[in-house]
Every structure is written in structure tokens, then in C-alpha cells.
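K.L.:
Protein chains in written order, with the working numbering: chain A, 1 to 345; chain B, 1001 to 1345; chain C, 2001 to 2345; chain D, 3001 to 3345.
Each residue gets a CB set at the ideal place from its N, CA and C atoms; glycine is no exception.
1. Leaving out the 5 sequence neighbours to the left and right, which residues in its chain are closer than 6 Å to residue 2289(C) when beta-carbon positions are compared?
2. State the DSSP-derived secondary structure class of residue 2174(C), mapped to helix, strand or coil.
3. Which whole-angstrom value describes the C-beta separation of residue 3287(D) and residue 3236(D), a residue pair presumed to lie in contact below a C-beta threshold of 8 Å?
4. If contact is defined by three or more beta carbon pairs under 8 Å, each pair taking one atom from either stretch, is the segment 230-246 of chain A in contact with the segment 190-206 of chain A?
5. Alpha carbon to alpha carbon, how far is residue 1156(B) from residue 1164(B)?
6. With respect to the alpha helix (DSSP H) encompassing residue 2163(C), which residues constitute its N-terminal and C-terminal limits?
7. Pick from 1150(B), 1148(B), 1051(B) and 1127(B): whose alpha carbon is nearest that of residue 1139(B)?
8. Which first and last residues belong to the alpha helix (DSSP H) in which residue 1259(B) is found?
9. Are residue 3274(D) and residue 3246(D) touching if we call contact CB-CB under 8 Å?
10. Where does residue 2321(C) sit, in a helix, a strand or coil, going by DSSP?
11. Check the Cβ-Cβ distances between residue 2183(C) and every residue of chain B, and say whether any is below 8 Å.
12. Kindly say whether residue 2012(C), judged by its beta-carbon, lies nearer than 8 Å to any beta-carbon of chain A.
13. When burial is assigned at 16 or more other CB atoms within 10 Å of the CB, is residue 24(A) buried or exposed?
14. My output table needs one value for residue 3210(D): the three-state DSSP class, helix, strand or coil.
15. Can you tell me which residues form a DSSP beta bridge with residue 3292(D)?
16. From the beta carbon of residue 3187(D), is the nearest beta carbon of chain B less than 8 Å away?
17. Which partner residues of residue 2184(C) appear in the DSSP bridge assignment?
18. Closer than 8 Å, Cβ to any Cβ of chain B: which residues of the segment 2189-2211 of chain C, in chain order?
19. Could you give the DSSP three-state label for residue 53(A): helix, strand or coil?
20. Evaluate residue 2251(C) with the Cβ neighbour count: other Cβ atoms within 10 Å of its Cβ, from every protein chain shown; 16 or more gives buried, anything less gives exposed.
21. For the segment 144-167 of chain A, enumerate the residues whose C-beta is nearer than 8 Å to any C-beta of chain D, in chain order.
22. Is the distance from the Cβ of residue 3390(D) to the Cβ of residue 2272(C) below 8 Å?
23. Excluding the 5 residues flanking residue 1173(B) on each side, which residues of the same chain have their C-beta closer than 6 Å to its C-beta?
24. Smallest Cα separation from residue 1069(B): which of 1145(B), 1029(B), 1149(B) and 1303(B)?
25. Closest to residue 97(A) by C-alpha separation, out of 26(A), 74(A), 84(A) and 329(A), would be which residue?
26. Less than 8 Å between the CB atoms is what I'm expecting for residue 3150(D) and residue 3214(D), so what's the real figure, rounded?
27. What does a CB cutoff of less than 7 Å around residue 1171(B) pick up in its chain, not counting 5 residues either side in sequence?
28. Rounded to the nearest angstrom, how far is the Cβ of residue 1034(B) from that of residue 1010(B), given a contact under 8 Å?
29. Within 10 angstroms of its Cβ, does residue 1118(B) collect 16 or more other Cβ (buried), or is it exposed?
30. Pull up the distance between the alpha-carbon of residue 1201(B) and that of residue 1185(B), whole angstroms please.
31. Any residues in the segment 34-54 of chain A with a beta carbon nearer than 7 Å to a beta carbon of chain B? Which ones, in chain order?
32. Using 8 Å as the limit for Cβ to Cβ distance, is residue 2292(C) near chain B?
33. Check whether chain A comes within 8 Å of residue 3019(D), counting only Cβ atoms and requiring the distance to be less than that.
34. Using beta-carbon positions only, say whether residue 1222(B) and residue 1166(B) come within less than 8 Å of one another.
35. For a contact defined as C-beta to C-beta under 8 Å, what are the partners of residue 1299(B) on chain C?
36. Could you check where the alpha helix (DSSP H) with residue 81(A) kicks off and where it finishes?
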């Protein structure tokens, strides 16, 4: 039985971890922290977990965390880095769902997140927790940097093509769309229901923090680190779901990407390559850990190939992937507690 | 291993049965039927089930059904009654999620459903599948009439009070609200997205088909069959969820309903009596088989007590309750495959 | 040309006033205030008004307000009362869309709003701005207390019956539902998109601030001040719209309420009595100043009659009604700038 | 006073025409047709127009149309072409909101719409009704082909750049998103609320009927007819609104597109070029005839410039633009009845 702590368990990734872990027979959630809600029970804050979870929020600083086998950080960025070094000394394993350990180059991280990193030495130790990219390292890791939602959807859609040199890495456009839960659970005018419902918009069009993370992964799988990606995120009036429409230029017009993708992901439990020219919708993965990908070859030589990729931003894009990483780190079946199908409708 | 058939598996209760049963280790779904989609695979119609279900729709008349241990009917009303008598002869057990066997009085049924019943003799054999009311009979039944969604939410909210004579049965108002999936999965102008989104309305205010079903259950638990209920359904622009706001008049102002409800439902796995004056929301039971109830006593003697009741109309209001009944009929743990918490957000 | 100021113009009622007044040929909006956004242009905050409004927010304390003919307060409660006395001395007319002057009894007001009133003497001078109730007084008023949204929808639905003694005033239930814009435009966790979308709930079930306001109006039109009303508000996942389902007991079962309502409202420009047993939806009044009412007589003598009432909470429930009052106060055609039909879909 | 007929007035563009024309003082709507609803009043079908429109639907074949000055066709494609030739003989002017007269090349039209055109000779006479492109011809036209919604949003976003040769016409990507009302008002499974809400998807990724229409306009404004455009439409769970994210490659990295766009559209009443790097949202034009455009230059030389364009698909993308064309054809002020601001929220 793995004893687990969750730091910052009052956000959407936190409650999703609690929901998924409550069905995981190999896990015992022992500690949940929240500096804003400490003293309340989990079910005061989340009645959906009544009769499932019987815990009281303690503060992030609680020493109870020291004795956990594994600690998930479901906090905003720039929090985990303050706690992780000490917890590692207590032999806790760590999966950080925030951005603190995702970028290897501390200068790039500090530029995008506008704060000084307090333990840059851990950036090299940390393993980027995308199992389809780093499964072997994840199994041996003590500190996992769990990928962002946009990076997960976009990287999985490009991995087979870039790794095998099938597309031009210097001309990629990723037009991505996210449900509102991606903005987190906090009081903010911009994500009020009446600011978002019955509307659609792009945001951070001049640069989103997930861009360097995507670039880092895409560069990693090529010879020459030469990714040139244009990435525009948009906000969709729905709770969950992420959709990426990716425009790429095949290096050889005769290559059938479909076949390469099917082969590449043949043994992956959580990547579904749909039939060529399929139209995945985000609801097909709602509440599920699956990423679905569909390829639409260009109608003519001059047209880009379009790759469509969908995930649930809170599952494969956050809590589900974190549990997938936990399963790998502790030698469990990778899919434990992650087999749910999408909730339709 | 129970071999299961599902008739009419292309609707929302059908796909919900498939989703829930795919996680049930004691069940093997063998046959799925659809007269409109026969020949297609389940995953052609529901990509959310890719890699989970590998079946092809056959027609309702398929003889493959005869060898199933249990058959769910997830069809509109007036279909199951044409197939059930013959299937019972083949020793299949039946759980009908439609209205065909819910009303004991064939005259009332025919008045509300405007069609002649083809096997009225089965109305007496059929057991109304509300476990909190009929658990013992359900265990012995061959034919279950699975309750409607409104009847489930409203009956569970009133059962303890009526059974113990704590409220006036002749002055009850049930103002109920349903998500749009309750209208079924079919092409209809009235449930088009742009007819429903960003709007709210009452419907069938002069009489809804679930009314006689509710009355029948509420009469059953009293001495004098004297329920007088006003029931107005409304349509909420959301997929799932049902909410009932029920106004009752306690017979004795000093009675604390809260205590009676907590005691009455103490051992029920799927009824959650929240603290007095709580505000349940439908999302707390999204995808879950739980009914949550909260009681708001009137501020003064002349004020009604208000009982709030929420369910997921597709789970406790349909497919989940059907599986709960199946578990009872086959001697399994009643909660098998039904332990999921609500999906937040 | 009426010169107008708007205090607190960054909320939803503020921007709705700006939208509607920009089409009013007899009005010149001169001053808009916002303590949080002062210095910004209106179109920085509301791009929807680009090329329509060319003003900069100043602070509430601005002396520019003194020279306005009319000032709308679109602020939360307990703000207007601090400015109104001085502005009245400058001969400004005032329409307060907040609750500060709605309740005649200062004790009741202070109990519900939990703050000391700073100018209780104005409570008697203020005219409650429901034209269908107080048209003559509104024309002569200097200070209008613009009604709340729930009180507007519910009072209009009950006025003809109570005024003429057609129903029992001691047994009324108002089950009301509101879109989320009713919660105002401010950062609050409870009205985040992902806290509200795909869910439905009751709130303030043990007492909402609009209750004493409704009671005050309903008592006013009867002989004996004996209203006994149960009022439960609910939150609907949509931006705009308010729906009230009202259960009443006719004093004489032979009375046809329909006829009385049609006659009572025959000359009202903004109340539409629909055919008996119609089902109004909120979208039919989206962006419009109309209140639609439909009556459903009980099926039997023991059943209550149900009255359905819909408004747009931001128009007839706030900004539109305020402009209707302004038109009356300044001798304009009552419907000026208020003739828009509902936006479908 | 222009006497107007509307053929097919029961769809969303039909009811939007009725809503907008009811506020147009120079227009008298005399005839509305619907083959499915003939005999009903307009307000039976659209209660939002109660007290505004007092007409009864007649059939499309009605001779009453012959005496109208102007007839709008708000029908699906392949209907208008059967009536237009005869109506032109009666000296009616025609604005067809469907696709029947949009494509000059009958072969291309027949390929995409899969039906034989019955009056191809009119394709040359018809004027494509995008005022920003064809204002002079529109003023003189008898037959207007009113543009599609996607073509309006995308063409307006590209016109200044392509006309002046500022971008590479052979490398354009238009990732476009539409609200569900674009699918029309008809019973269809794919646009049921519960098939669309809480989901997002691309559709027609291998070719959408609006593609040849866009190409035709974009070719028209260049020297060499060499547009190469990749166009992927997506469905957003909202009623109204269209968003295009367009990726272009400037021919000269030093060109400031912003300045060219501001100048190009300086006198256009319905195109709003926002400040550089602004983020338009669709709600800012809800119910309004405005197209808002914002330009995001690439961060580096190798990055595309991104142009964002928003319209209300039912207004500037359909009924509003049709009225703008009518105003031009009849010598009225171009903006008559089209001055409304966006409805927020």
C-alpha cells in the first residue's frame, strides 16, 4: 500500500487526484494540505467525495508529509520548489503537477515564470513525466515533473512524426483550445461564468508559458533542436477538454503518417490513433486518461497535413498522467485506476 | 459471469450501461441491439468506448438475446413489451429501463402513454426497481421495471416522511429540473443545442408521464392512498443532472425530519442525507449512483419544509439503478461497479 | 437631452445601461464612475462598446456628477446611500439599482443587509420603481429604488391576483431560477465557470435578501398585510434569464385567472400575458424589457394553480426597468430605447 | 417604405431578419413563408416576437411575394434557385442568404453542393454581397448572393493584406470556430444539446463547402489567382459567434500590417481594427453587425503573423449583412437598424 500526500488538494487537479485515487486499491491517501482551507474536511469543500474520503486539510508545512511514500503537488507554480528538497531528504518520492521542474534551463524557466528558482540543481534530476517519451526514466525517478496539458496534447501528436523525421520541424502550427478548468479553481474575474459562457477567444496569443515546455520536448527527439512552432491557445466555454489542431508539412508527400502513428503507438495503453480522417471530440475522453489522435492528410501537395489531438486536460493533461507516473514509479500495472471510458454525454 | 444483452444500446441510457458495465468484472456484455445502427460497431457510434467494447449492433429481433442471462431494455416506451414475454420464456431475466412495466393499473398506463399494452398480465409480476423501497422483491424478480428519473429523485426524497406519516400527503409540491439528456438521444428540434442553451423553461406543466408513477409509489407507502402532488418539470441547459425542490407540510411542527431521514437511510449505500440546511448541487453526483438529500425546515410554523434531492438522471435515474438491481438479482454486492464519485467539475 | 451619470458602470447592470442608453436619442451619458477602473476608457473594459461610447471612468466622488440631470447607481448595496443625499441637494434625480432604498422599514433593511443605513429618512421619500405598481408616483419622484430581479418577476406574476383577492395570500410558493449574471461581475469562487457550468442548485434556501422586498410589495396591494410566501432561489448555468414557478391557491375554484390577468395588463407595454397553459422560456425575453406570464390552472380542485413568469434579469430585472423609470420621470414615451425583441437563439 | 418578403422565415437567419427588420423604420415586412409551418402565426413559432410581428406563414409558392420590393431567401441551399428567376421578372429585388448564387463557376458549385443548378445564367448577374469588397456593385444589383459566415470572417481578415500584396497568398491557414446556430434550425442528431455541450471538435476537416467561396473572393483581389488556403472549421458549444485564427506569412518582415489594416478599414462602419495584439472575444459582437479584427505579428522572422477575426455568425455572417446590403440597394443609410452593440454578457 502506497501512502500518499497531496499538497494543494483544493484545486481541480487536486480533487481529480482524490477522485481517481479513491478507486486505486494500492493507494492510501494519508495527508491532504491546503493553506486556505486547513481545518475543514475534504467533503466540506467537495461534497462529491462524501462517504469516499474522510480527511481534514492540514497546512502545506505539516510534518505528516514526511512519512508519505509519495507526494503529489497540485499547487500553482513556484510553490512546490520550496518544499521538494526537504521532502526528498525524507525519502519521499515526488510528482509535481505544477511547472516548477519541467524546464531544464533555469534561465528560460525564470524568464517565463518571472520568479527566481530556489532549487535549480533539481532541474537536472527531475524526470519529465510523459510516459510515451520517458517511460524507463520515470520508473527510476524520485522527482517527476508532470507535463502541462497543452504540452501533453501537442507533444503526443507530434512525437512519431518528429522522431522519425517525417515532417518539417521548422513549420508547425498548433492551434489549441482548452476548457475553462485549465484556468484553475480560484476567484478570478476572467474565468467567471458570465465572462466565459457563450463566448470564445484566443488568449496569450503573444506567448504562453507552455511554449518553452513544448519546444524542449520536441527538440529532444530530433537531431538538431530546430523546432519552430507557432502556438495559440483559446478558451472554450466548457469545463473539461483540450483540443489541438496541428498543421504540419510532411518532408515527403508520399509518406503515410497514419501507418507510422499506428505502429508507433501500438503498445501504448493511453494513446488511441483513430482511423485516418476521423473527427475526435473532447467528450470522447471526458474523465478518461486517453489521448485520441486523428490524421488528415492534405488534399494536395501544397496543403499541410492536419493532426487532431484530444485529451481531458484534468486527466491525461494532469491528474491521470500523474497517477500513470506513480504506477510506473512503484512497479504497478501502468493503467491501475485509469481504465474509465469517457463520460457520454 | 453474467451474460448480458442490451436492447436499444444507442441511446444515452444504453451508452451509460455500456460504460458502467465495462468496469463490472462479473458481467460479459454479449449482445447489443439497435434497429437503426445494426451492422455498425459500438465504437463507430461511441468512440468513447474504443478499446473497451468490441461488439457489433444486431437487430432487436436477434435470437442471440435468448441465451443471455439478463437483458436490459434501454428503448423508448412501447417497445420492450413486444419482446419481453418471449424472452422470459427463454429464462432470461429482464430489466426494462423504459416505462412499459412501471404502472400496475393498465388503464392508467394506457391513458398516459396513448398505446395499447400488449402484455398487461406482466404488470403484476413486474417488480418496481427502487431498491430503497423493494429490495427483497427485487432479489427474487425476473422482470424489473426500472424507475424513471423524476420518480427516483422525488420518491427517495419523500419516502421516510410519508412512510412514517410525518407530512401531509395531500399538500406536496415537487418543482423538478432536469438536464437535457433526459430527452433522449434522437433528432428532435426541441432539444437542439440552440433551442435549449442559454434558456430555461417549464414543460408539460399540465401533466407529465412520470406523475402517475410517482403517485403510485407514494400511495403505496401510506395507509390511505391519498397523495396529492403537484409536479412541474423544467429543462436546464446542462447534459446531466436532476434536481427536485419539494415543498411539504409537516404534520407536527416539532418533528425534526432530519433525524428521521438520517436513521431511515443509515444503511443505504446510495442515499446520502446531507447535514440540515445543506445545498446539494447536481454536479456532486455527476456520473455517480448517489442520491443526495438535504432538508430545510420552514422558518416559521406556517412555512413549508423544503426537501432538496439530486441525482444524475442517467445513473441513479436510469443505468446505475438498473445495475444496482442487476447486482441484487444475481446475488452480487449491491454496489459493484457503482462506486465512482461525482466528476468535478 | 437628459445628461446622465452612471455610478459603478463596470458591473453587468452598468454595461447593460450603457448598451441600452447608447441607443436612446434623448440621453447623453456624460459621466461614468468606477473606483477600481478609474482612468481606463469604457472600451478598455467593454470592447463591445467600441465606437459607441467614448468616456473615461472617473471615481465615484467626482464632482462631474453634480451637474447631471439623472444619476443611475449600478453599485452593490450600501454604496449609493453614501452619495445620494448630497446629489439630491444638487437637484440630480436618482435611480438606484441597488437595494439601498427598496425597503421602507429601516429595521428590516438593516437586519437583512447587515449594515447601518446612513440616510433612513430617504426611505420614505424613495419611490419603488415598479411602473406596473407605482407609475404615477414614479413620474413625480426624485429618488427611485429600482426593484430587484426576483421581486420584479414574482410581483408582476402575483399583482393581479392579490390586488383583486383571487388567491389565498397565505399559501404562496415561489420557486425561482436565475442565470449567473445575477451574481454580479466580480471575482468570486462560487460563480467561476467551472463551479457553475453543467450543474444546478438552490442557494440561500433559508432566506434570500429579496424576500422582504417581495413581501413588502405583495402586502401593499392587499387589505391585511398577510402575505405568507415561501421563496427558494436557484442558479441556472446560463448568463441571462430569470424564471419563477409560482404555486397559488385560488379563493374560488371557478375564477378564471387568465381573464383577470389579460384585463389587468391590457395596457401595459412590458407585460405579456400569454395564452393559458403556454410555456414561456427565458430566451424569449433575452435582451428585452418584457415580462411574460403564463397561467396553468390546477387539474383538479385540490391542485394549486401555477403561474410562470420570465424576465431578463439584467433588463426588466435591472437596467431596462431603470430606463423605463427614467422615461417616466422625464416625460418621455415610456418605451423609448426599450423596444428590442428577445435575441433568439 | 420597402415592402419585404422573407422566404424560409423559420430558421435562425429568418428569425434574426425578423428581429432586426422589426426595428427598421423604412421596411414593412409583408410576407413570410414556411412550407413546414404554413398557417401558423410567426409568434406561435417565435414567442420572442409577440407584439412585434403580426403575420401568418404562407407557402413559398405564394403569389404575395410577387408584389414585394425585396425578397430575402433564408432557406437551405438549392431552394432559392427555383424561385428567383420568376421573382426577378416581377421586378422583385433578391437577397439570397443561401449558397445558390455565391459561386461564379457552376461546375465548382455543383461539385460542392451535389445538385444541378437550375439557373446558372444568373451566377454572373448575381453580386457577391460583401460591402467591403463590392459596395458599388451592390448598390446597383437586383440579385445579391449574401456571403457565408466563415467567408465573411475570413475574407475581411485577409482583404487588406492580399489586396496590397503584403502576405504570401500560397501559405495561409484559417483555423475557424463556429457557434452551433450555424448548423441551422432543424432536427438533427449531430446538433442535439447533449451531443454538443461540454465538447469541442473539428468537422469537415477534409473539405467544407465554404472553402471555394473563400478562395473565389481571395483570388479576386490578387493579380494571379493563386490562393492556397487550409481551412478547418470547428464547433464551439455556444449559440452564436464565429472566430477565425488566421496564420499568414508577411512578404516583407518589416511591414506593419496593423497600419495598413487601420487605413484600409478607416471608413468602414462595420469593421473594427482593434489595437495591435488585442484579444477579441465573440461576445463583443453578439447580436451586432461588427467584425472585429486584431493582428499579432510573429515574435520572430520565422513565425507567422496571426490575424484574429470575430463576427456574430447570424448578424454580420448572415441577417445583418443582408440588411446592410438592402440598405445599400435602396439608397438608405448603410447602418440603418444595425447600430446595436454586442450583448454583454
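P.N.:
Based on what the coordinates show:
1. Working through the third chain from its first residue, we reach residue 2289(C) at position 289. Around residue 2289(C): 2270, 2315, 2316, 2320 and 2338.
2. To locate residue 2174(C), count along the third chain from 1; it is residue 174. Strand at residue 2174(C).
3. Counted from its first residue, the fourth chain places residue 3287(D) at position 287. Counted from its first residue, the fourth chain places residue 3236(D) at position 236. Contact doesn't hold; Cβ gap of about 17 Å is too wide.
4. yes
5. Position 156 of the second chain, counting from 1, holds the residue named residue 1156(B). Position 164 of the second chain, counting from 1, holds the residue named residue 1164(B). Rounded to whole angstroms, residue 1156(B) to residue 1164(B) spans 14 Å at the Cα level.
6. As a first step, residue 2163(C) must be located in the third chain, where it is residue number 163. Run containing residue 2163(C): 2149-2163, per the alpha helix (DSSP H) assignment.
7. Against the second chain, residue 1139(B) aligns to sequence position 139. Cα-wise, what sits closest to residue 1139(B) is 1127(B).
8. Counting from 1 along the second chain, the entry for residue 1259(B) is found at position 259. Looking at the DSSP string, the run of the alpha helix (DSSP H) that includes residue 1259(B) is 1257-1264.
9. Position 274 of the fourth chain, counted from the start, is the residue given in the question as residue 3274(D). Position 246 of the fourth chain, counted from the start, is the residue given in the question as residue 3246(D). No, these two residues do not count as a Cβ contact at 8 Å.
10. Taking the third chain and counting its residues from 1, the one referred to as residue 2321(C) is at position 321. Looking at residue 2321(C) - three-state DSSP - the assignment turns out to be helix.
11. Sequence index remark: in the third chain, residue 2183(C) carries index 183 (1-based). Closer than 8 Å: no.
12. Indexing the third chain from 1 puts residue 2012(C) at position 12. It does: the Cβ of residue 2012(C) has a partner Cβ on chain A nearer than 8 Å.
13. Here residue 24(A) refers to the residue found at position 24 of the first chain. Classification for residue 24(A): buried.
14. Here the question's residue 3210(D) lines up with position 210 in the fourth chain. Residue 3210(D): helix per DSSP, three-state reduction.
15. Here residue 3292(D) refers to the residue found at position 292 of the fourth chain. According to DSSP, residue 3292(D) bridges with 3272(D) and 3310(D).
16. Numbered from its first residue, the fourth chain carries residue 3187(D) at position 187. Yes, contact with chain B.
17. As a position in the third chain, residue 2184(C) is number 184, starting the count at 1. None, per the DSSP bridge assignment.
18. 2194, 2195, 2197, 2198, 2199, 2200, 2201, 2202, 2203, 2205, 2206 and 2207
19. Reading the first chain from its first residue, position 53 is the one you call residue 53(A). Looking at residue 53(A) - three-state DSSP - the assignment turns out to be coil, as it is neither helix nor strand.
20. Sequence index remark: in the third chain, residue 2251(C) carries index 251 (1-based). By the 10 Å Cβ count, residue 2251(C) comes out exposed.
21. none
22. The displayed coordinates of chain D run from 3001 to 3345. Any statement about residue 3390(D) would go beyond what the structure contains.
23. As a position in the second chain, residue 1173(B) is number 173, starting the count at 1. Here the set comprises 1230 and 1247.
24. Residue mapping note: residue 1069(B) aligns to position 69 of the second chain, counting from 1. Residue 1029(B) is the option with its Cα nearest to residue 1069(B).
25. Translated into the one-based positions of the first chain, residue 97(A) becomes position 97. For residue 97(A), the nearest C-alpha among the options comes from 74(A).
26. Counting from one through the fourth chain, the residue named residue 3150(D) turns up at place 150. Counting from one through the fourth chain, the residue named residue 3214(D) turns up at place 214. Going by Cβ atoms, the distance from residue 3150(D) to residue 3214(D) rounds to 7 Å, so yes, they are a contact pair.
27. Counting from 1 along the second chain, the entry for residue 1171(B) is found at position 171. Excluding positions up to five away in sequence, the list reads 1228 and 1249.
28. Along the second chain, one-based indexing puts residue 1034(B) at 34. Along the second chain, one-based indexing puts residue 1010(B) at 10. Between residue 1010(B) and residue 1034(B) the Cβ distance is about 4 Å, and since that is below 8 Å, they are a contact.
29. One-based indexing of the second chain puts residue 1118(B) at position 118. It is exposed - the Cβ of residue 1118(B) has fewer than 16 other Cβ atoms within 10 Å.
30. Translated into the one-based positions of the second chain, residue 1201(B) becomes position 201. Translated into the one-based positions of the second chain, residue 1185(B) becomes position 185. One C-alpha to the other measures close to 20 Å.
31. Listed in sequence order: 46, 47, 48, 49, 50, 51 and 52.
32. Here residue 2292(C) refers to the residue found at position 292 when the third chain is read from its first residue. With 8 Å as the cut-off, residue 2292(C) does not count as an interface residue toward chain B.
33. Start at 1 with the first residue of the fourth chain, and residue 3019(D) comes out as number 19. Cβ-Cβ to chain A under 8 Å: no for residue 3019(D).
34. Indexing the second chain from 1 puts residue 1222(B) at position 222. Indexing the second chain from 1 puts residue 1166(B) at position 166. No, these two residues do not count as a Cβ contact at 8 Å.
35. Reading the second chain from its first residue, position 299 is the one you call residue 1299(B). Within 8 Å Cβ-Cβ: 2206 and 2207.
36. Numbered from its first residue, the first chain carries residue 81(A) at position 81. Bounds of the alpha helix (DSSP H) holding residue 81(A) are 80-89.
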